[in-house]
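Here the structure is laid out as structure tokens; the discussion comes afterwards.
In the working numbering, the protein residues as written are 6 to 575.
Right, dumping it as structure tokens:
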């Protein structure tokens with residue numbers, strides 16, 4: 006028994022040695038180090054340190070770093086361990102690899118780098134669709150238009166303080182005069198200068214249109230705002246009686262002018278959305294300032310883009326000089342007296358023939374032309390706009406693509422010695438015909454009725470022009486020879502009657518306008534061309550001699566073609 010007791014005693018002593026030896030290791034084994042930022046190498050104080058067994062993931066120890074980022078974690082037994090550091094405002098970071106503790110190396114050191122946590126990105130706002138939700142407002146343009154007219158009235162009072170009509174200062178309207186217009190005044194045809202009535206008033210209507218369209222309203226809704234703005238001005242902006250011709254020029258011609266400008270400005274805004282070009286933003290705002298104002302004054306509310314649906318377009322910018330001008334005024338002919346620089350911008354928008362493009366909205370097709378002269382007395386030479394209001398497309402095989410329907414038109418044509426302007430509605434068509442090879446014919450034919458003004462620079466009656474209903478026709482063609490050359494011609498005819506003119510002259514005027522040209526591409530988008538423009542007028546008034554006038558100009562022009570070249574739709 007004693008022998009057995011002695012053996013047991015030895016086994017028990019060995020167990021105690023192993024146990025206390027292991028406990029001695031637990032007290033001595035550790036993982037220590039420093040927590041710091043990777044860039045500045047500064048400490049990350051008070052970080053939480055956790056150590057987990059690499060094989061089981063069980064927690065083996067934990068500690069907190071001190072103010073200098075130093076830490077030490079006691080580990081009870083040898084093995085491989087994963088070390089993690091966490092701190093508020095920083096990304097959790099683990100040691101790059103497992104740390105191994107052994108009898109030979111019970112203590113190990115590792116430094117951890119913590120990067121600051123990036124703020125979570127704000128959720129993207131829902132994509133705005135033009136003309137929906139808060140991106141559409143009936144109230145804002147209803148308030149902007151009278152505010153704009155108030156500013157305009159203040160300017161006119163300061164700029165034209167002594168302008169009178171009928172013994173009254175025109176721009177001294179009051180609440181009393183406004184109420185009198187609303188209740189008592191009969192509408193008439195006014196005596197304002199041609200450029201004021203036929204260009205400035207339509208442009209004023211275009212501004213109204215821009216306020217409404219950029220606030221998410223469709224064309225027909227904006228048309229009501231154009232006429233609302235015109236009515237406010239005629240009632241309260243001036244002391245002279247309200248005029249029928251101004252209501253038509255501002256409310257209707259202004260809508261045609263404004264819609265074309267809105268679509269053109271929107272093309273620039275649409276391309277800017279992809280390129281973030283400051284010049285495109287500025288350009289769109291200059292094209293239609295009222296639309297640009299709403300886009301930026303209300304932040305994201307009206308920043309969504311009106312979908313153009315990627316129309317087929319043809320655009321050119323021409324700079325030229327008249328080489329010869331012929332005038333025939335009452336039988337007196339002069340030659341070469343009015344040679345001058347000229348500039349033209351032209352855009353055809355929504356040309357037929359493009360797959361997938363539809364004509365469901367007013368002005369999904371329109372043609373716009375704007376001409377300037379280096380002449381201080383007649384800077385704006387022409388503005389000519391026609392757009393499809395209601396219509397549809399048609400085709401014949403792979404040869405003919407076209408559209409037809411009701412067109413709205415606004416023309417302002419002001420050659421040297423006479424002028425004509427019309428606001429019209431016409432029935433017509435625009436088409437493209439592939440003639441074979443790379444030769445393409447594009448053209449339009451329209452016929453309708455307009456409310457027009459026509460006259461010369463010598464007064465006939467109370468003014469130098471007269472109003473009346475005007476049957477009118479238009480024919481236009483462009484013969485395109487691939488990407489090399491183009492022959493174009495446009496003819497217009499206006500028969501301005503005395504019906505609805507508001508005078509007793511009992512006369513009529515017929516005006517013909519022909520514009521022909523040939524353009525040859527030299528390289529890239531650069532081209533040279535020659536043009537011939539002729540305008541003729543014949544006037545017949547009761548008790549006055551008949552008047553026959555003509556103006557002809559030959560010009561050489563440099564042409565910058567748009568990105569689609571000559572505009573043939575493939």
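Even glycine gets a Cβ: it sits at the ideal position worked out from N, Cα and C.
Three-state secondary structure assigned by DSSP to residue i
i           : result
residue 190 : coil
residue 457 : strand
residue 288 : helix
residue 216 : helix
residue 547 : coil
residue 56  : strand
residue 151 : helix
residue 542 : strand
residue 231 : helix
residue 204 : helix
residue 403 : coil
residue 483 : strand
residue 431 : strand
residue 163 : helix
residue 41  : strand
residue 475 : strand
residue 320 : strand
residue 438 : strand
residue 366 : coil
residue 497 : strand
residue 251 : helix
residue 80  : coil
Same chain, Cβ closer than 6 Å to residue i, neighbours up to 5 away in sequence not counted
i           : result
residue 324 : 348, 563
residue 367 : 224, 394
residue 599 : Residue coverage of the chain in this structure runs from 6 to 575, which leaves residue 599 outside it and unanswerable.
residue 409 : 396, 434
residue 496 : 480, 519
residue 399 : 407
residue 552 : 544
residue 490 : 525
residue 246 : 190, 193
Beta carbon of residue i nearer than 8 Å to that of residue j
i           : j           : result
residue 516 : residue 359 : no
residue 475 : residue 427 : yes
residue 485 : residue 571 : yes
residue 78  : residue 100 : no
residue 456 : residue 477 : no
residue 436 : residue 479 : no
residue 350 : residue 375 : yes
residue 103 : residue 54  : no
residue 379 : residue 353 : no
residue 561 : residue 322 : no
residue 415 : residue 431 : no
residue 241 : residue 207 : no
residue 192 : residue 249 : yes
residue 119 : residue 40  : yes
residue 73  : residue 43  : no
residue 106 : residue 88  : no
Cα-Cα separation between residue i and residue j, rounded to whole angstroms
i           : j           : result
residue 143 : residue 222 : 7 Å
residue 181 : residue 150 : 21 Å
residue 30  : residue 108 : The pLDDT assigned to residue 30 is 41, lower than 50, so where the model puts this residue is not dependable; a value taken from the coordinates is nonetheless given after this. Cα to Cα, the separation comes out at about 8 Å.
residue 297 : residue 268 : 12 Å
residue 557 : residue 539 : 4 Å
residue 406 : residue 362 : 12 Å
residue 172 : residue 392 : 41 Å
residue 252 : residue 235 : 6 Å
residue 187 : residue 203 : 24 Å
residue 418 : residue 387 : 5 Å
residue 185 : residue 356 : 49 Å
residue 448 : residue 528 : 26 Å
residue 200 : residue 179 : 26 Å
residue 257 : residue 213 : 11 Å
residue 555 : residue 312 : 44 Å
residue 113 : residue 283 : 59 Å
residue 425 : residue 197 : 15 Å
Nonlocal neighbours in the same chain, by C-beta distance under 7 Å from residue i, ignoring five residues either side
i           : result
residue 176 : 158, 161, 162, 165, 168, 243
residue 66  : 56, 78, 79, 80
residue 58  : 65, 84, 86
8 Å Cβ shell around residue i - same chain, five flanking residues per side excluded
i           : result
residue 310 : 135, 271, 274, 275, 278
residue 141 : 220, 221, 222
residue 569 : 317, 318, 319, 320
residue 384 : 377, 378
CB contact below 8 Å: residue i versus chain B
i          : result
residue 52 : No chain B appears in the structure shown, which is made up of a single protein chain.
Checklist line | the region 250-263 contacting the region 283-290, beta-carbon criterion three pairs below 8 Å | finding: No, the region 250-263 is not in contact with the region 283-290.
Next item on the list: Would you check if there are 3 or more beta carbon pairs closer than 8 Å linking the region 438-445 to the region 226-237?
Entry: Flag = no, the region 438-445 and the region 226-237 do not touch.
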